[in-house]
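Have a look at the structure below, then the notes.
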Amino acid sequence: MSGTTRHKSLSVRVKSSGTATDVQMTAIAQYTLAEIPAEKLYVRTFALAHNGIDRDNECFDEALLADFARTLPGKGLFIKHPTGWDGDSGPGKGRWFGAKLERMSLDEARALLREPGLKFPPGVETGVVLMADAYLVRTTGNADLLDEIDAGVVGDVSIGFTYKDSERVVDVNGIELNIWRLTSPGEASEGSLVWLGAQPGARAIKHANRTEDRTMPTEEQYQAEKSARTTAETKATALQAELDQAKPSHDIVLGLRKALGDNAALIDKPDDLAASVKAAAVYRDELIDTIVKQERQLGLCDDDDESVAAAKAIYAGDPLTRLQGRAKRLEAQATKGGRMPPSGAHRGQEPAPTGEFAENPAFG
Numbered sequence: 001m002s003g004t005t006r007h008k009s010l011s012v013r014v015k016s017s018g019t020a021t022d023v024q025m026t027a028i029a030q031y032t033l034a035e036i037p038a039e040k041l042y043v044r045t046f047a048l049a050h051n052g053i054d055r056d057n058e059c060f061d062e063a064l065l066a067d068f069a070r071t072l073p074g075k076g077l078f079i080k081h082p083t084g085w086d087g088d089s090g091p092g093k094g095r096w097f098g099a100k101l102e103r104m105s106l107d108e109a110r111a112l113l114r115e116p117g118l119k120f121p122p123g124v125e126t127g128v129v130l131m132a133d134a135y136l137v138r139t140t141g142n143a144d145l146l147d148e149i150d151a152g153v154v155g156d157v158s159i160g161f162t163y164k165d166s167e168r169v170v171d172v173n174g175i176e177l178n179i180w181r182l183t184s185p186g187e188a189s190e191g192s193l194v195w196l197g198a199q200p201g202a203r204a205i206k207h208a209n210r211t212e213d214r215t216m217p218t219e220e221q222y223q224a225e226k227s228a229r230t231t232a233e234t235k236a237t238a239l240q241a242e243l244d245q246a247k248p249s250h251d252i253v254l255g256l257r258k259a260l261g262d263n264a265a266l267i268d269k270p271d272d273l274a275a276s277v278k279a280a281a282v283y284r285d286e287l288i289d290t291i292v293k294q295e296r297q298l299g300l301c302d303d304d305d306e307s308v309a310a311a312k313a314i315y316a317g318d319p320l321t322r323l324q325g326r327a328k329r330l331e332a333q334a335t336k337g338g339r340m341p342p343s344g345a346h347r348g349q350e351p352a353p354t355g356e357f358a359e360n361p362a363f364g
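For what it's worth, the UniProt record's numbering labels the leading residue of the sequence shown as 1, then goes sequentially.
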């Protein structure tokens, strides 16, 4: 049914006088061809549509309601639908000049619409109501109509619209229900005062309680906001790409911070960190020199340059804690006067225990 003109009605109960505010007058001025004083205009705010299930077992998708809010301003307010079976092609009696979606809890929506039994599609947790502002010119010919609106006698409004498609609503178990959701894109073509329509309940809001930020922006503002959103999304995508590219380096820093432990603050002081690394390298080289020197004294290493270089190469890849332990043990052995290692001992390995230590498992 893409492109088909449809109508959905709400019952509206009107209260308060319809005098236009300065903010509303500014919005209305976009559509008038002459400067009209506020006292000549009659202004009302209507709940024109919502996302609840209506009497046709249909509901509006929120995106479709957003299309209505964007496209309704500037469209005509009629006494009956011009495209209805009893409609006509005559001019409208008023004009819609502002519209916006209002989000609220389901109970708040039921209270606003005065429909405590209003049901919403499965999975919908937020009520979305299309609030729309319309104005009529006060004339001798419509004085009775305006009085009837004020009295709540004329209380139903209906939106004329087009939509793209409809889809079956499913419950939490994936079972299709006898409910259809009308989907975007679509357009609000008009809004009319009618008899009881498809959508249950509505309640007019005092215009004095309306605030400027609830007025629907113009098409130019909408396009500007759309462009800003596109720019923001592009920027967010670029930032995410930068974050993904930086992640390996970030992980390295996290690993380094963890490895440094109590000294992690050095990451923020690169000069101090570099100095510490250099000092550690010097200490490591000195420790290896000490080990090889002790091995030479104990007869574990020959004194020629080739043997010394080979001995240092053996220890080049050992952890620092292992080197420190080796140096300590060699120093203790040298302090006792030193013993030549038994046949078969080699560099980097403790001499096999002898005598009373030979049977001790700790030295096995």
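Every residue, glycine too, gets a C-beta built ideally from N, C-alpha and C.
Quick check on this structure: which residue in the options has the alpha carbon closest to the alpha carbon of residue i?
| i | options | result |
| --- | --- | --- |
| residue 317 | 306, 284 and 333 | 284 |
| residue 49 | 262, 151, 100 and 171 | 100 |
| residue 311 | 295, 51 and 52 | 295 |
| residue 253 | 242, 268 and 165 | 268 |
| residue 54 | 118, 96 and 93 | 118 |
| residue 159 | 237, 58, 188 and 148 | 188 |
| residue 167 | 91, 319, 302 and 57 | 57 |
| residue 330 | 319, 287, 262 and 165 | 287 |
Please state if the CB of residue j and the CB of residue i are separated by a distance shorter than 7 Å.
| i | j | result |
| --- | --- | --- |
| residue 77 | residue 186 | no |
| residue 132 | residue 44 | no |
| residue 169 | residue 46 | no |
| residue 72 | residue 128 | no |
| residue 122 | residue 171 | yes |
| residue 20 | residue 38 | yes |
| residue 61 | residue 181 | yes |
| residue 308 | residue 282 | no |
| residue 97 | residue 29 | no |
Can you find the residues in the same chain that come closer than 7 Å, C-beta to C-beta, to residue i, ignoring five residues on each side of it along the sequence?
| i | result |
| --- | --- |
| residue 69 | 99, 100, 101, 130 and 216 |
| residue 212 | Legend: pLDDT at residue 212 = 35, less than 50; position of this residue unreliable, no value from coordinates given. |
| residue 145 | 154 |
| residue 93 | 77, 78, 79, 136 and 142 |
| residue 303 | 296 |
Tell me which same chain residues have a C-beta within less than 8 Å of the C-beta of residue i, skipping the five on either side of it?
| i | result |
| --- | --- |
| residue 140 | none |
| residue 263 | 276 |
| residue 324 | 287 |
| residue 315 | 288, 291, 292, 323, 326 and 348 |
| residue 116 | 110 |
| residue 184 | 61, 63, 64, 66, 67, 163 and 164 |
Rounded to whole angstroms, what is the Cα-Cα separation between residue i and residue j?
| i | j | result |
| --- | --- | --- |
| residue 265 | residue 246 | 21 Å |
| residue 232 | residue 152 | 46 Å |
| residue 59 | residue 256 | 57 Å |
| residue 103 | residue 178 | 26 Å |
| residue 326 | residue 300 | 13 Å |
| residue 280 | residue 227 | 56 Å |
| residue 34 | residue 40 | 12 Å |
| residue 271 | residue 260 | 15 Å |
| residue 32 | residue 52 | 34 Å |
| residue 174 | residue 124 | 15 Å |
| residue 36 | residue 244 | 58 Å |
| residue 242 | residue 274 | 28 Å |
| residue 138 | residue 161 | 27 Å |
| residue 250 | residue 234 | 23 Å |
| residue 306 | residue 258 | 40 Å |
| residue 147 | residue 107 | 31 Å |
| residue 42 | residue 25 | 11 Å |
| residue 313 | residue 248 | 32 Å |
| residue 240 | residue 91 | 53 Å |
| residue 278 | residue 336 | 34 Å |
| residue 319 | residue 332 | 20 Å |
| residue 95 | residue 126 | 29 Å |
By the 10 Å Cβ neighbour count, where 16 or more other Cβ atoms means buried, how is residue i classified, buried or exposed?
| i | result |
| --- | --- |
| residue 105 | exposed |
| residue 321 | exposed |
| residue 17 | In this prediction, residue 17 scores a pLDDT of 48, lower than 50, which makes its location untrustworthy; the coordinate-derived value is nonetheless stated afterwards. The residue is exposed, with fewer than 16 neighbouring Cβ atoms inside 10 Å. |
| residue 149 | buried |
| residue 230 | exposed |
| residue 113 | buried |
| residue 14 | For residue 14, the predicted model reports a pLDDT of 39, less than 50, meaning its position is unreliable; a value from the coordinates is still stated below. Answer is buried; the Cβ neighbour count reaches 16. |
| residue 354 | Because residue 354 carries a pLDDT of 45, less than 50, the predicted location of this residue cannot be relied on, and the following value inherits that uncertainty. Exposed is the call here. |
| residue 405 | Beyond the ends of the chain as shown, which are 1 and 364, falls residue 405; an answer cannot be given. |
| residue 193 | buried |
| residue 75 | buried |
| residue 344 | Residue confidence is low: residue 344 scores 41 on pLDDT, short of 50, so the model does not pin down where it sits. No coordinate-derived value is stated. |
Could you confirm whether any beta carbon from chain C is found closer than 7 Å to the beta carbon of residue i?
| i | result |
| --- | --- |
| residue 291 | No chain C is part of this structure, which consists of one protein chain only. |
Under 6 Å from any heavy atom of the ligand HEM, does the C-beta of residue i make it?
| i | result |
| --- | --- |
| residue 265 | Among the components modelled here there is no ligand, and therefore nothing to report on the ligand HEM. |
Report all residues from its chain with a CB closer than 6 Å to the CB of residue i; omit the five preceding and five following residues, and keep chain order.
| i | result |
| --- | --- |
| residue 237 | none |
| residue 328 | none |
| residue 176 | 168 and 170 |
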